[in-house]
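Everything on this sheet refers to the single structure shown next.
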Amino acid sequence: MALAIGHRVPDRPPRGEICIDDALVRSVLGCAIVGFAERREFARRLGLDIICLSPVFPVETAGGGMPAVAEAAWPDLDRWVRESDLFVFVMLDGAFGWGARLWGYEHFFSTVARESPELTDLIRAVERFNLELAERAAGAGAMGVLIADDIAYRRGPVVHPAVLRRHFFPSLARQAAGLTELRVPVFFHSDGNLDELLADIAGAGFHGLQCIEAAAGMDIGRIKRQYGDRLCLWGNLDPEELILPRSRPELRNTVQALIDVASPGGGYIFGTSSGLIKGMRVENLQVVYDIQL
């Protein structure tokens, strides 16, 4: 992982997924209950190098305020650190995610459109919350942080790029700087077409970008040429390759073509753009990750 993030060439590209659905773990392992041991075994069979953990909060209610930092927990964080050799990322939601969760989509996007002081207050609150949360996680052994905020859809940014640059990217840059001071790499995740925003993401100080959605027109070869010296790229395998019927040669050719384009010179982590989700075919997963079932 250190080689990939540092844009050096490892023996093979590291492997990682932003999320892993327990239903898929059950399908692969044939188990009824999924706990830490089963998730670790699943990661071992796939040869994963990364595990991503999302925080859990006791109560989430629309219209309420931000939860207390002390209420957050990452299930089994201590065990992943102590009992596995995986690189442990913790995930943090950005202002878009929190805004929609606390206010609902209509109120949130109305606030964004008006660029009201309420929006500024929310962004600052999320920034403080994430920095405190990340400090807690790093103190517990987390090795990297991934800020997830879907600021784009398949055709481009969900709001005008100028609005993002005035309000959201300055806060993301402060978060990236604060997290770097904790000596952990920080990645950014967003679905959608980010072409108009790649320079902003790189300029904010992120070490890497996760997703790179091929179905949204994200050409990883071009992005690698333009930003591969500044961003470690993670993902780009279309989840449909694991959902739809595919022959073994088709899957192998798809994976090899992606690795051939994205991995030269280092700075690439292999994975899907979506994570491993319910409905994916075990037989496709077996080919893509060369697992023995």
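Under full-length UniProt numbering, the first residue of the sequence shown carries the number 1, and numbering increases by one thereafter.
A virtual CB, placed ideally from N, CA and C, is assigned to each residue, including glycine.
Assign L285 to one of two classes, buried (16 or more other C-beta atoms within 10 Å of its C-beta) or exposed (fewer than that).
-> buried
How close, in whole Å, do the beta carbons of I123 and W80 come, if the pair is a contact with beta carbons under 8 Å?
-> Wrong, their Cβ atoms sit about 30 Å apart, outside the cutoff.
Expressed to the nearest angstrom, what Euclidean distance is found between the alpha-carbon atoms of A173 and D21?
-> 31 Å
Whole-number beta carbon distance between F187 and F168, since they are thought to touch under 8 Å | About 16 Å separates the CB atoms of F168 and F187; that is not less than 8 Å, and the two are not in contact.
Proximal residues to G217 (C-beta, below 8 Å), its chain only, five neighbours per side dropped | R154, N193 and D195
Might you give, ordered along the chain, the residues of its own chain that have their beta carbon closer than 6 Å to the beta carbon of D200, omitting 5 neighbours on each side?
-> F169
Determine the direct distance from the alpha carbon of S247 to that of E240, and round the result to whole angstroms.
-> 13 Å
Assess, as a yes-or-no matter, whether the segment 31-41 is touched by the segment 272-279 under the definition of 3 or more beta carbon pairs within less than 8 Å.
-> They do not touch, by the three-pair rule.
Return yes when the Cβ of H7 is within less than 8 Å of the Cβ of G265, no when it is not.
-> yes
Do the segment 146-164 and the segment 219-228 meet, that is, are 3 or more Cβ pairs less than 8 Å apart?
-> no
Secondary structure at F36, three-state DSSP: helix, strand or coil?
-> If DSSP states are grouped into helix, strand and coil, F36 belongs with the helices.
Can you tell me whether DSSP reads W98 as helix, strand or coil?
-> helix
Nearest-angstrom Cβ-Cβ length linking Y268 and A4, presumed shorter than 8 Å = 6 Å
Could you give the residue range of the alpha helix (DSSP H) that holds L251?
-> R248 to A262
Endpoints, the alpha helix (DSSP H) within which L131 is located | P117 to G139
Using beta-carbon positions only, say whether D49 and P14 come within less than 8 Å of one another.
-> yes
Do the segment 137-149 and the segment 81-94 meet, that is, are 3 or more Cβ pairs less than 8 Å apart?
-> The segment 137-149 is in contact with the segment 81-94.
Do you know how far the Cα of L86 is from the Cα of D191?
-> 25 Å
Indicate whether at least one CB of chain B lies closer than 8 Å to the CB of Q286.
-> Among the chains of the structure shown, chain B does not appear; only one protein chain is present.
What number of angstroms, rounded off, separates the C-alpha of G208 from the C-alpha of A70?
-> 28 Å
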